[in-house]
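Under UniProt numbering, residues 1 to 323 are what the sequence shown spells out, in order. For glycine and all other residues, C-beta sits at the position ideal for the given N, C-alpha and C.
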Amino acid sequence: MKIDIVSVFPEYFEVLNLSLMGKAQSKGLLEITAHNLRDWTHDVHHSVDDTPVGGGAGMVMKPEVWAECLDELLGLPTPNEDDSPDELVFPTSESATSTTEEALDFSEIHDDAIFDDDIEDTENAGEIADIVDGNENKSEAAKATSLPTDESESSSATPVLIFPNPSAPLFTQRDATELSHAEHLLFGCGRYEGYDSRIPDYYRAQGVDVREYSIGDYVLNGGEVAVSVMLEAITRLMPGFMGNPDSIVEESYTGEGALLEHRQYTKPAVWRGLKVPEVLLSGDHGKVDRFRRDEALTRTNEIRPDLIEALDCKALDKADRKT
Ligand code: ADE
1 MKIDIVSVFP EYFEVLNLSL MGKAQSKGLL EITAHNLRDW THDVHHSVDD TPVGGGAGMV
61 MKPEVWAECL DELLGLPTPN EDDSPDELVF PTSESATSTT EEALDFSEIH DDAIFDDDIE
121 DTENAGEIAD IVDGNENKSE AAKATSLPTD ESESSSATPV LIFPNPSAPL FTQRDATELS
181 HAEHLLFGCG RYEGYDSRIP DYYRAQGVDV REYSIGDYVL NGGEVAVSVM LEAITRLMPG
241 FMGNPDSIVE ESYTGEGALL EHRQYTKPAV WRGLKVPEVL LSGDHGKVDR FRRDEALTRT
301 NEIRPDLIEA LDCKALDKAD RKT
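Written out as structure tokens, the structure is:
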């Protein structure tokens with residue numbers, strides 16, 4: 001898997017040369033390159049940010065610098081910035097609305113545009129349809145994109161473009177599993193108050209598979225740590241990454257009936273007066289499996305009831321239901 005990371009602190013990613021990630025690179029399983037976003041600046045200060053339009057605290061990362069960098073790394077042409085961008089109009093709150101009332105209307109239209117077929121009837125539908133079409137009938141860039149399927153193994157796949165963002169959907173084990181099959185990932189690390197939202201909009205409209213993910217309900221200083229977290233979750237699922245692939249199968253958050261894992265013990269059987277549960281010493285694999293499964297269900301119910309609610313009933317056996 002090829003991985004490109006863009007950051008104003010590419011040194012952050014030197015740790016990826018250590019441990020299992022380092023080994024995977026030596027084995028040729030992973031090829032990781034961290035780029036400095038400032039290499040795509042043209043001014044003496046190498047500036048990458050500007051004040052937020054509409055006011056507010058902090059700075060926002062400028063689209064122009066990101067675009068030059070991403071065009072190059074995605075292998076897309078850089079349009080002449082002087083050309084009128086008439087054909088690319090995005091449903092930003094500025095372009096689509098002038099009052100709060102209209103803004104609410106617009107959000108309904110936008111939802112319809114994504115989920116309904118009959119968007120032609122609605123105001124703004126033309127603009128939105130272009131964007132939705134842009135995503136569905138993917139452009140040349142997208143035809144080679146993202147996650148390889150059996151039919152489309154291509155070594156020159158356009159990367160999946162991923163931006164960590166505290167205001168995005170949560171990154172889960174399901175996303176990690178899906179992305180572990182990609183040939184090429186390109187991560188863009190935001191800093192300050194984040195990046196101009198038109199950056200992901202633009203690349204989506206070019207047919208690139210763009211993802212934005214939060215790694216949790218807290219705010220970090222930038223995307224670097226979030227990218228490290230996602231990278232580790234993704235790459236350890238790649239075939240050949242783990243010495244013992246069985247260790248992945250039984251983990252928490254894995255599979256349809258995702259549960260927290262049972263508690264773990266090693267020898268000695270008694271340590272400082274604390275005993276390993278008797279059943280684990282019995283040698284009866286059936287009983288051990290049942291004990292661990294019950295513990296997983298009970299712990300998940302206590303610690304993460306949301307995971308129990310999300311469980312597919314088909315993932316439960318008769319004995320589970322009693323637990
Ligand atoms: N950038 C800042 N905080 C973040 C978070 N929680 N997840 C992803 N990216 C972030």
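Where residue 47 falls, given that 16 or more other Cβ within 10 Å makes a residue buried: To locate residue 47, count along the sequence shown from 1; it is residue 47. Classification for residue 47: exposed.
field: Bridge-paired residues (DSSP) for residue 35
entry: Here residue 35 refers to the residue found at position 35 when the sequence shown is read from its first residue. Its beta-bridge partners are 6.
task: Could you tell me which residues DSSP pairs with residue 214 in its beta bridges?
output: Within the sequence shown, residue 214 is the residue found at index 214, counting from 1. Answer by DSSP bridge pairing, in chain order: 170.
query: Under 8 Å between the Cβ atoms of residue 200 and residue 212?
result: Position 200 of the sequence shown, counting from 1, holds the residue named residue 200. Position 212 of the sequence shown, counting from 1, holds the residue named residue 212. Yes.
message: From the DSSP secondary-structure annotation, give me the bridge partner or partners of residue 162.
response: Residue 162 sits at position 162 when you count from the first residue of the sequence shown. Answer is 187, 211.
task: For residue 288, name the three-state secondary structure that DSSP assigns.
output: As a position in the sequence shown, residue 288 is number 288, starting the count at 1. Helix.
message: By the three-class DSSP mapping on this structure, what secondary structure does residue 243 have?
response: Counted from its first residue, the sequence shown places residue 243 at position 243. DSSP, read as helix, strand or coil, puts residue 243 in coil.
- prompt: Is residue 195 helix, strand or coil when you go by DSSP?
  reply: As a position in the sequence shown, residue 195 is number 195, starting the count at 1. DSSP places residue 195 in strand when its eight states are reduced to three.
- request: Report yes or no: do the stretch 13 to 30 and the stretch 212 to 228 share at least 3 C-beta pairs separated by less than 8 Å?
  value: yes
query: What did DSSP end up calling residue 318 once you bin it into helix, strand or coil?
result: The residue labelled residue 318 in the question sits at position 318 within the sequence shown. Three-state DSSP puts residue 318 in a helix.
message: Spatial neighbours of residue 4 within its chain, please: C-beta separation below 6 Å, excluding the five flanking residues on both sides.
response: Numbered from 1 along the sequence shown, position 4 holds the residue referred to as residue 4. Same-chain partners within the cutoff: 33, 73, 186.
field: N-terminal and C-terminal residue of the alpha helix (DSSP H) that residue 73 is part of
entry: As a first step, residue 73 is located in the sequence shown; it is residue number 73 there, counting from the start. Residue 73 -> alpha helix (DSSP H) spans 63 to 74.
field: Buried versus exposed call for residue 44 [16 or more other C-beta atoms within 10 Å across all chains shown]
entry: Counting from one through the sequence shown, the residue named residue 44 turns up at place 44. When all chains shown are included, residue 44 counts as exposed.
message: Closer than 7 Å to a non-hydrogen atom of the ligand ADE - does that hold for the CB of residue 195?
response: Taking the sequence shown and counting its residues from 1, the one referred to as residue 195 is at position 195. No.
message: Do residue 30 and residue 6 count as a contact pair if the criterion is CB distance below 8 Å?
response: Stepping through the sequence shown from its first residue, residue 6 is reached at position 6. Stepping through the sequence shown from its first residue, residue 30 is reached at position 30. It is not a contact, given that the beta carbons lie outside the stated cut-off.
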